[in-house]
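In this note's numbering, the protein residues as written are 214 to 654. All C-beta atoms, glycine included, are put in the ideal place defined by N, C-alpha and C.
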């Protein structure tokens with residue numbers, strides 16, 4: 214049977230992923246296929262019950278504990294596969310955000326830190342021992358819940374700040390991209406340090422959310438007298454409308470879901486710790502919020518980088534794509550089973566994380582190979598887009614058509630097992646590390 218161009222693309226990608234795996238290459242690859250084709254993932258060994266995993270159940274644990282992955286090769290593969298068409302309003306939109314892998318009872322697991330996580334009820338903030346991961350993904354569509362991972366790093370107790378890790382991720386992925394790749398727009402939440410981002414020479418335009426209580430400063434007037442010139446001009450308090458003054462740019466549009474959207478821009482502002490790094494502050498005020506009766510508060514953004522586009526509504530649409538990553542994290546955890554397995558060692562968790570990232574890319578590449586298949590209670594999408602969950606539910610049929618590069622297992626007989634009377638050494642118990650308070654934007 215002749216293969217289509219989309220099938221050939223998926224086959225080549227799977228071959229490149231296979232080549233990027235080192236020790237336990239075949240077990241790691243079939244473990245990834247098991248995550249793509251099953252919904253029974255309460256434990257790691259249950260993945261061995263799928264038809265795509267041809268090895269014994271013990272190979273699932275051995276693959277993560279003893280295997281190896283060439284992270285650089287996978288990162289370059291993701292950057293190379295990123296199509297030029299994966300743009301939103303003319304620019305690639307990247308999203309950086311962090312999420313946690315809760316490990317509250319894993320006292321024998323190293324590198325756990327106290328991390329915040331939402332809890333039901335009020336207050337909704339709690340802390341839990343967890344592994345903290347920071348993802349760099351791209352939002353390839355104007356709408357929908359698809360994201361494509363470009364890089365992921367685990368932030369241990371001795372790791373750099375989230376802002377420094379974000380800048381390293383941007384530089385690493387930009388270096389891995391082919392020459393002439395378009396300059397991306399990177400969206401970040403208010404948990405990242407604005408001063409560090411402003412002075413950094415990032416090879417991207419940064420769109421950062423600002424806290425409502427933030428204070429920035431205008432450029433001081435020209436110094437004519439004696440003494441040291443002033444570093445800061447008049448303060449611009451986001452919570453005090455009397456300090457705004459007239460915006461340099463303003464725009465309005467009608468949106469079917471948000472009503473009248475007003476976008477104002479003030480230029481040449483800076484933070485107190487970086488007077489020589491000016492940026493633009495953007496206020497987005499919507500008339501209403503979908504499905505909410507509360508009056509909406511303004512959305513404050515900082516634009517760090519090149520000139521703003523002439524159409525200011527594009528900037529707002531760029532930042533709206535940041536919220537796609539929240540759906541992606543839920544999909545990684547609940548559907549692909551990212552955090553349902555319980556490895557002891559953080560290095561094994563890193564290998565599993567990169568397999569999940571590669572699996573997400575395969576779902577995206579398999580999207581043209583299927584039509585929309587809905588469950589009986591699901592309504593058709595008005596835009597006709599296929600969701601990641603729909604592709605995942607039907608990936609088994611696609612896997613039959615594209616086959617696997619992994620080699621068939623060769624039985625080696627039964628292991629002699631543990632010697633009679635042998636005693637295992639109890640594992641060492643690690644303390645949970647605590648980080649200092651983050652510097653927010």
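query: Based on the DSSP output, what are the partners of residue 364 in its beta bridges?
result: Counting from 1 along the chain shown, the entry for residue 364 is found at position 151. Its beta-bridge partners are 349.
- request: Give the secondary structure of residue 447 by DSSP, where H, G and I count as helix, E and B as strand, and everything else as coil.
  value: As a working note, residue 447 is residue 234 in the chain shown. Residue 447 falls in the coil class under three-state DSSP.
- prompt: Roughly how many angstroms lie between the CA atoms of residue 230 and residue 612, to the nearest whole one?
  reply: Translated into positions along the chain shown, residue 230 becomes position 17. Translated into positions along the chain shown, residue 612 becomes position 399. Going by the C-alpha atoms only, they are around 15 Å apart.
- prompt: What do you reckon, are the CB atoms on residue 520 and residue 303 nearer than 9 Å?
  reply: Within the chain shown, residue 520 is the residue found at index 307, counting from 1. Within the chain shown, residue 303 is the residue found at index 90, counting from 1. Contact flag unset, no.
message: Just to confirm the assignment: which complete alpha helix (DSSP H) runs, minimum length 4, are found wholly within the segment 573 to 622?
response: 601 to 606, 608 to 615
- request: Identify, in the order they occur along the chain, each residue of the same chain with its Cβ nearer than 7 Å to the Cβ of residue 438, setting aside the five sequence neighbours on each side.
  value: In the chain shown, the residue the question calls residue 438 occupies position 225. Excluding positions up to five away in sequence, the list is empty.
- request: Starting from residue 243, trace the alpha helix (DSSP H) both ways and give me its first and last residue.
  value: Along the chain shown, one-based indexing puts residue 243 at 30. Where residue 243 is concerned, the enclosing alpha helix (DSSP H) stretches over 238 to 250.
- prompt: Contact between the segment 479 to 486 and the segment 498 to 509: three or more CB pairs below 8 Å?
  reply: no
query: If you draw a straight line from the C-alpha of residue 358 to the C-alpha of residue 594, how long is it?
result: The residue given as residue 358 occupies position 145 in the chain shown. The residue given as residue 594 occupies position 381 in the chain shown. Rounded to whole angstroms, residue 358 to residue 594 spans 12 Å at the Cα level.
message: If we require 3 or more residues per run, which beta strand (DSSP E) segments fall completely within the segment 387 to 453?
response: 398 to 401, 418 to 422, 428 to 431, 448 to 450
Helix, strand or coil at residue 376 according to DSSP, with G and I counted as helix: Taking the chain shown and counting its residues from 1, one reaches residue 376 at position 163. Correct three-state label for residue 376: helix.
query: For the alpha helix (DSSP H) that contains residue 253, what are its first and last residues?
result: The sequence position of residue 253 within the chain shown is 40, counting from 1. Premise fails: residue 253 is in no alpha helix (DSSP H) and is neither H nor E.
query: Unbroken alpha helix (DSSP H) runs of length 4 or more, entirely within the segment 528 to 567: which are they?
result: 537 to 547
The segment 598 to 606 / the segment 351 to 367 touching (three or more Cβ pairs under 8 Å): yes
field: Counted within 10 angstroms of its Cβ, other Cβ atoms place residue 252 as buried (16 or more) or exposed
entry: On the chain shown, residue 252 is found 39 positions in, with the first residue counted as 1. The residue is exposed, with fewer than 16 neighbouring Cβ atoms inside 10 Å.
- prompt: Can you list, in chain order, the residues of its chain whose CB lies under 8 Å from that of residue 215, leaving out five sequence neighbours each side?
  reply: If you number the chain shown from 1, residue 215 lands on position 2. Because the pLDDT at residue 215 is just 44, under 50, the model does not fix this residue reliably, and the point stays unresolved.
- prompt: Which residue's Cα is closest to the Cα of residue 512: 284, 525, 430, 476?
  reply: Position 299 of the chain shown, counted from the start, is the residue given in the question as residue 512. Of the candidates 284, 525, 430, 476, the one whose C-alpha sits nearest the C-alpha of residue 512 is 476.
message: In whole angstroms, give me the CA-to-CA distance for residue 305 and residue 387.
response: By 1-based counting over the chain shown, the position of residue 305 is 92. By 1-based counting over the chain shown, the position of residue 387 is 174. C-alpha separation (whole angstroms): 12 Å.
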